[in-house]
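Number of protein chains: 2
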Amino acid sequence: MNLKQLSDMLALSQTTVSRALNGYPEVNEETRRRVMDAAKRHGYRPNPSARRLATGKSGMIGYVLPTGNAVDIDPHFVEFLSGLGDYARSHDLDLVLSPADADDQETTYRRIVANRQVDAVYISSPRPSDRRLALVNTLGIPFIVHGRSEGLDFDYPYLDIDNEGAFHEAGRLLLQLGHKRLALINGDDRETFAIHRERGVRRALAASGLTLGERHVCSLTMTEENGYRAARRLLGLDEPPTAIVCSSLIMALGVVRAVRDLGLTIPGDLSLIAHDDVFPWLRPENFPVPLSTTRSSIRLAGARVAERLAARISGLEEGTRGEVWPVDLVVRGSVAGAPA
Amino acid sequence: MNLKQLSDMLALSQTTVSRALNGYPEVNEETRRRVMDAAKRHGYRPNPSARRLATGKSGMIGYVLPTGNAVDIDPHFVEFLSGLGDYARSHDLDLVLSPADADDQETTYRRIVANRQVDAVYISSPRPSDRRLALVNTLGIPFIVHGRSEGLDFDYPYLDIDNEGAFHEAGRLLLQLGHKRLALINGDDRETFAIHRERGVRRALAASGLTLGERHVCSLTMTEENGYRAARRLLGLDEPPTAIVCSSLIMALGVVRAVRDLGLTIPGDLSLIAHDDVFPWLRPENFPVPLSTTRSSIRLAGARVAERLAARISGLEEGTRGEVWPVDLVVRGSVAGAPA
DNA sequence: AGAGGCTTCCAAAGCGCTTTGGCTATTTTG
DNA sequence: CAAAATAGCCAAAGCGCTTTGGAAGCCTCT
């Protein structure tokens with residue numbers, strides 16, 4: 001059932017039927033009802049390929065997926081996707097993932113924009129002066145950044161959480177508990193979120209006249225193994241930290257294992273706070289010692305990004321508003337006063 | 001730069017240019033070279049919307065993503081996606097995720113097929129008599145199933161691992177070590193993979209004249225918390241198991257925690273074998289006691305599924321071949337002889 | 001009563017590609 | 001050597017939609 005058949009059936013022109021269906025004003029309400037009724041009865045659905053060719057709009061949002069043998073998509077992605085899907089489902093949006101060589105994403109961005117394959121894109125894990133942002137900005141496709149960049153000479157729309165604030169709070173709490181030697185086990189410090197977190201911890205320390213020693217900060221991809229290694233290294237220092245702030249629950253697993261291996265205890269010998277993105281399959285309250293966390297649902301962020309993308313596509317959102325979500329600090333058993 | 005401009009520039013018809021580019025035989029090789037050369041020089045890329053409208057082919061593969069508030073996409077998905085992306089990237093395939101209400105995926109399948117939005121789809125986490133398979137089979141779109149169904153009256157192409165064989169081996173090893181009371185912590189037993197795994201364990205026990213008691217098998221979604229709960233329950237039984245086979249590394253984390261909570265040890269009091277899908281961020285050799293596993297890379301499966309989908313799209317693969325990968329049993333410190 | 005303005009509809013021109021059917025040389029065949 | 005086959009190219013007809021530029025009919029003013 002295509003437009004021609006439907007309009008023949010109604011003894012109307014394709015023009016009128018098309019307009020009736022798309023809500024244009026220049027059609028009699030009575031006629032519109034007839035058309036919409038017939039369309040529904042016959043299960044008419046406009047062919048998206050044709051519509052796309054005519055309008056240049058695809059009804060899809062895009063994501064360039066960095067791939068490569070050395071590239072692992074991290075598990076945060078899937079949670080974000082859950083949220084995105086929640087919203088997209090109820091708004092008939094599809095998501096197209098365009099795999100790209102991690103070292104050359106530009107070609108792919110150019111392709112999907114030139115081909116009008118998607119109406120909008122989102123970008124995640126941005127870095128300072130991220131070239132992708134400059135690119136999509138000049139390409140002129142609607143986009144939203146999940147996270148933030150820095151050092152760019154233009155504004156852009158984003159959704160981020162207050163990473164600096166969260167880790168500042170975490171640091172402050174530990175200092176209040178009398179800890180003097182903090183350490184930070186961070187994610188990849190080329191990404192802005194990691195930079196912000198480090199900044200937050202440093203700011204907390206500075207307020208107490210302390211600093212974060214170079215040897216007291218680790219930046220690694222967020223695996224259990226890296227958490228373990230970082231903790232072993234930190235706890236093997238001459239002046240080991242009495243408290244650790246950690247960027248990921250998965251790394252925290254490794255930290256806990258390292259502490260055990262060394263015969264130490266949490267929070268007796270070490271206080272631990274980690275960031276929790278809220279995975280359904282790994283919850284901080286279920287750690288051997290319930291884990292204090294800075295908590296922010298990445299899934300909700302996914303839904304919100306989808307919502308804003310949809311708004312931008314339909315022209316409801318304009319400008320370059322940045323949205324920053326506060327982060328909860330949830331105190332559980334893994335923190336205590338500094339050991340004497 | 002579109003086809004018309006390019007053909008004008010070459011003083012050829014659109015027909016000839018199109019054919020030259022698409023490798024049709026009725027064009028002089030000399031001409032073809034000229035055309036391809038000019039196309040490359042001017043960066044001509046056929047507009048996919050137009051091509052799709054004309055041919056009905058989209059160059060994309062589809063996946064219907066079950067979503068909903070109660071639905072979590074599990075982290076396996078992202079690893080599978082990594083593999084899929086690896087292959088897709090080098091073959092200019094995009095993946096479109098169509099979010100659907102988990103309880104009504106049929107509508108979405110029908111839509112993407114009717115609209116010719118994708119050239120092929122894959123289906124994951126199949127169940128016995130899975131209606132999705134019957135559906136896509138009758139809809140006539142090329143597809144591959146990751147996993148297997150059962151009880152269907154038609155054949156279909158799939159890629160699966162030998163879940164039954166793997167868990168049979170795991171069970172057999174434990175029996176050889178003198179264990180008499182095995183337990184199974186499984187995934188959702190509505191899914192075929194879980195059924196196969198249980199079958200494998202039962203078969204191993206049966207060969208020794210033993211059985212798997214009802215109370216010795218748990219079927220739960222694969223979270224750390226569920227692993228913990230299952231283990232607590234099992235180890236609290238009158239005749240607790242001396243060995244557990246577990247369907248997931250994430251659940252195994254919970255098992256390990258439960259064992260610790262109870263003051264027991266692995267492998268002294270309990271032997272443990274888990275299935276490892278090979279996540280980069282959680283490795284069995286890094287468990288407090290290195291974990292024995294049945295191991296199969298879900299990422300490689302993703303790449304293979306993409307490869308076969310591409311082959312089916314281009315007509316290189318036909319029929320209903322099922323492909324079953326063997327699974328390695330990797331023995332590490334978490335198994336030992338049964339306690340006296 | 002004629003000009004101007006709405007309302008409501010339509011024919012036809014794209015959008016950029018593929019594919020059908022045909023045409024002209026050139027080569028092969030009986 | 002005429003007939004048939006082949007190679008190489010082209011014009012034009014789709015694919016199914018949106019949108020432009022009217023046009024007819026009916027009011028409303030002045």
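Which chain is which? The protein sequence lines are A and B, in order. Each residue of the first sequence is one higher than the last, beginning at 1 in the numbering used here. Each residue of the second sequence is one higher than the last, beginning at 1 in the numbering used here. We put the beta carbon where it would ideally sit given N, CA and C, even for glycine. From a predicted model like this one, the values you see are computed outputs, not experimental measurements.
*If you follow the alpha helix (DSSP H) that S49(B) is part of, which residue opens it and which one closes it?*
On the second sequence, residue 49(B) is found 49 positions in, with the first residue counted as 1. Where S49(B) is concerned, the enclosing alpha helix (DSSP H) stretches over 48-55.
_Closer than 8 Å to chain A by CB, F77(B)_ = If you number the second sequence from 1, residue 77(B) lands on position 77. F77(B) counts as touching chain A.
_Closest Cα partner of H91(B) within the set L95(A), A100(A), D92(A), L93(A)_ = Here the question's residue 91(B) lines up with position 91 in the second sequence. Checking every option, the nearest Cα to that of H91(B) belongs to A100(A).
*Verify whether the separation of the beta carbon atoms of D119(B) and M36(B) is less than 8 Å.*
The sequence position of residue 119(B) within the second sequence is 119, counting from 1. The sequence position of residue 36(B) within the second sequence is 36, counting from 1. In this structure, D119(B) keeps its C-beta atom at 8 Å or more from the C-beta atom of M36(B).
*asked:* Which residue wins for smallest C-alpha separation from S98(A), given the options S82(B), Q14(B), L177(B), V17(B)?
replied: Residue mapping note: residue 98(A) aligns to position 98 of the first sequence, counting from 1. S98(A) has its Cα closest to that of S82(B), out of S82(B), Q14(B), L177(B), V17(B).
*Expressed to the nearest angstrom, what Euclidean distance is found between the alpha-carbon atoms of E298(B) and S219(B)?*
Against the second sequence, residue 298(B) aligns to sequence position 298. Against the second sequence, residue 219(B) aligns to sequence position 219. Note on identity: in this sequence residue 298(B) is Ile, with Glu being the wrong assignment. When only Cα atoms are considered, I298(B) and S219(B) end up about 21 Å apart.
*Please decide whether V145(A) counts as near chain B, where near means a Cβ-Cβ distance under 8 Å.*
What you label residue 145(A) is simply residue 145 of the first sequence in a count that begins at 1. Not an interface residue.
*Quickly, what does DSSP pair T67(A) with across the bridge? List them, please.*
In the first sequence, residue 67(A) corresponds to position 67, counting from 1. According to DSSP, T67(A) bridges with D101(A).
*asked:* Rounding to the nearest angstrom, what Cα-Cα distance links S125(A) and I273(A) in this structure?
replied: As a position in the first sequence, residue 125(A) is number 125, starting the count at 1. As a position in the first sequence, residue 273(A) is number 273, starting the count at 1. When rounded, the distance between both Cα atoms is 22 Å.
*Thinking I161(A) and V324(A) are a contact (beta carbons under 8 Å), I'd like their distance in whole angstroms, please.*
Against the first sequence, residue 161(A) aligns to sequence position 161. Against the first sequence, residue 324(A) aligns to sequence position 324. The Cβ separation is near 7 Å, so the contact holds.
*List, in order along the chain, the chain B residues whose C-beta lies closer than 8 Å to that of V96(A)?*
By one-based count along the first sequence, residue 96(A) stands at place 96. Neighbours of V96(A) on chain B, chain order: M60, D94, L95, V96, L97.
*To the nearest angstrom, report how far apart D130(B) and N226(B) are at their CA atoms.*
By 1-based counting over the second sequence, the position of residue 130(B) is 130. By 1-based counting over the second sequence, the position of residue 226(B) is 226. If I take the Cα positions, the gap works out to 25 Å.
*asked:* Let me confirm a value: N186(B) is counted as buried when at least 16 other C-beta atoms fall within 10 Å, else exposed. Which label applies?
replied: Translated into the one-based positions of the second sequence, residue 186(B) becomes position 186. Its Cβ being crowded by 16 or more others within 10 Å, N186(B) is buried.
*Counting only the same chain and skipping the five closest in sequence on each side, list residues whose C-beta sits under 8 Å from that of L205(B).*
As a working mapping, residue 205(B) is identified with position 205 in the second sequence. Setting aside the 5 residues that flank it on each side, L205(B) is surrounded in the same chain by G171, L175, L182, T211, L212, each with a C-beta closer than 8 Å to its C-beta; the list follows chain order.
*Where does the unbroken beta strand (DSSP E) through Y158(B) begin, and where does it stop?*
Counting from one through the second sequence, the residue named residue 158(B) turns up at place 158. From DSSP, the beta strand (DSSP E) with Y158(B) extends over 158-161.
*With a Cβ-Cβ cutoff of 8 Å, do R203(A) and H168(A) count as a contact?*
Counting from one through the first sequence, the residue named residue 203(A) turns up at place 203. Counting from one through the first sequence, the residue named residue 168(A) turns up at place 168. Their beta carbons are under 8 Å apart, which means R203(A) touches H168(A) by this criterion.
*Are the stretch 56-74 of chain B and the stretch 263-282 of chain B touching, with three or more C-beta to C-beta distances below 8 Å?*
Contact between the stretch 56-74 of chain B and the stretch 263-282 of chain B is absent: fewer than 3 CB-CB pairs across the two stretches fall below 8 Å.
*Tell me whether F154(B) is buried or exposed, calling it buried when 16 or more other Cβ atoms sit within 10 Å of its Cβ.*
Residue numbering aside, residue 154(B) sits at position 154 when the second sequence is read from its first letter. With fewer than 16 other Cβ atoms within 10 Å, it is exposed.
*With DSSP as the reference, please indicate the residues paired to W281(A) in a beta bridge.*
The count along the first sequence starts at 1 and reaches residue 281(A) at position 281. W281(A) pairs with nothing; no bridge assigned.
*Considering only C-alpha positions, which residue in the set H216(B), M222(B), N47(B), V145(B) is nearest to Y71(B)?*
Here residue 71(B) refers to the residue found at position 71 of the second sequence. Here the sequence assigns Val to residue 71(B), which means Tyr is not the residue at that position. When the alpha-carbon of V71(B) is set against those of H216(B), M222(B), N47(B), V145(B), the nearest one is in M222(B).
*Please report the Cβ distance between L93(A) and A310(A), rounded to the nearest whole angstrom; I am assuming they are in contact, meaning their Cβ atoms lie under 8 Å.*
Position 93 of the first sequence, counted from the first residue, corresponds to residue 93(A). Position 310 of the first sequence, counted from the first residue, corresponds to residue 310(A). Contact holds; Cβ gap of about 6 Å.
*What's the gap between the Cα of L95(B) and the Cα of V96(A)?*
Taking the first residue of the second sequence as position 1, residue 95(B) is located at position 95. Taking the first residue of the first sequence as position 1, residue 96(A) is located at position 96. CA-to-CA, the gap between L95(B) and V96(A) works out to about 6 Å.
*Out of L135(A), S49(A), Y87(A), which has the shortest C-alpha to C-alpha gap to Q105(A)?*
Translated into the one-based positions of the first sequence, residue 105(A) becomes position 105. If we check each option's Cα against that of Q105(A), L135(A) comes out closest.
*Count the other C-beta atoms from every protein chain shown that fall within 10 angstroms of the C-beta of S13(A), then say buried if there are 16 or more, exposed otherwise.*
If you number the first sequence from 1, residue 13(A) lands on position 13. It counts as exposed.
_I'd like to know if S334(B) contacts chain A, where contact means its C-beta is closer than 8 Å to some C-beta of that chain._
The residue you call residue 334(B) lines up with position 334 of the second sequence. False, the Cβ-Cβ gap to chain A never drops below 8 Å.
*Hey, quick one: how far does the beta strand (DSSP E) through S124(A) stretch, first residue to last?*
Residue mapping note: residue 124(A) aligns to position 124 of the first sequence, counting from 1. Counting along the chain, the beta strand (DSSP E) containing S124(A) begins and ends at 120-124.
*State buried or exposed for D8(B), treating a residue as buried only when at least 16 other CB atoms are found within 10 Å of its CB.*
By one-based count along the second sequence, residue 8(B) stands at place 8. In the assembly as shown, D8(B) is an exposed residue. Its beta-carbon has fewer than 16 other beta-carbons within 10 Å.
*Which residues share a DSSP beta bridge with A274(A)?*
Mapped onto the first sequence, residue 274(A) falls at position 274. DSSP output for A274(A) lists C246(A), T293(A) as bridge partner(s).
*chain B contacts from the stretch 150-165 of chain A (Cβ-Cβ distance under 8 Å)*: The residues in question: there are none.
*asked:* Please classify N163(B) as buried or exposed, where buried requires at least 16 other C-beta atoms within 10 Å of its C-beta.
replied: The count along the second sequence starts at 1 and reaches residue 163(B) at position 163. Classification of N163(B): buried, given that the 10 Å Cβ count is 16 or more.
_The beta strand (DSSP E) enclosing H146(A), as first and last residue numbers_ = As a position in the first sequence, residue 146(A) is number 146, starting the count at 1. First-last of the beta strand (DSSP E) with H146(A): 143-146.
*Determine, using beta carbons only, whether G353(B) and T67(A) come nearer to each other than 8 Å.*
Outside the modelled stretch of chain B, which goes from 1 to 340, sits residue 353(B), for which no answer is possible.
*How long is the line joining the alpha carbons of P75(B) and E317(B), rounded to whole angstroms?*
Within the second sequence, numbered from 1, the residue matching residue 75(B) stands at position 75. Within the second sequence, numbered from 1, the residue matching residue 317(B) stands at position 317. Taken atom to atom, the span from the alpha-carbon of P75(B) to that of E317(B) is near 30 Å.
*Going along the chain, which residues of its own chain have a beta-carbon closer than 6 Å to the beta-carbon of D276(B), five neighbours each way excluded?*
Working through the second sequence from its first residue, we reach residue 276(B) at position 276. Once the five neighbours on either side are set aside, the close Cβ partners of D276(B) are L249, P284, T293, R295.
*asked:* Short of 7 Å Cβ to Cβ, which residues in the stretch 283-309 of chain B face chain A?
replied: Residues of the stretch 283-309 of chain B that bring their beta carbon within less than 7 Å of a beta carbon in chain A comprise R283, N286, P288, in sequence order.
_Once the 5 residues before and after E191(B) are set aside, which same chain residues still bring their CB inside 8 Å of it?_
Here residue 191(B) is taken as the residue at index 191 of the second sequence, counted from 1. Taking E191(B) as the centre and dropping the five residues before and after it, the same chain places the C-beta of S125, P126, R127, G147 closer than 8 Å to its C-beta, in chain order.
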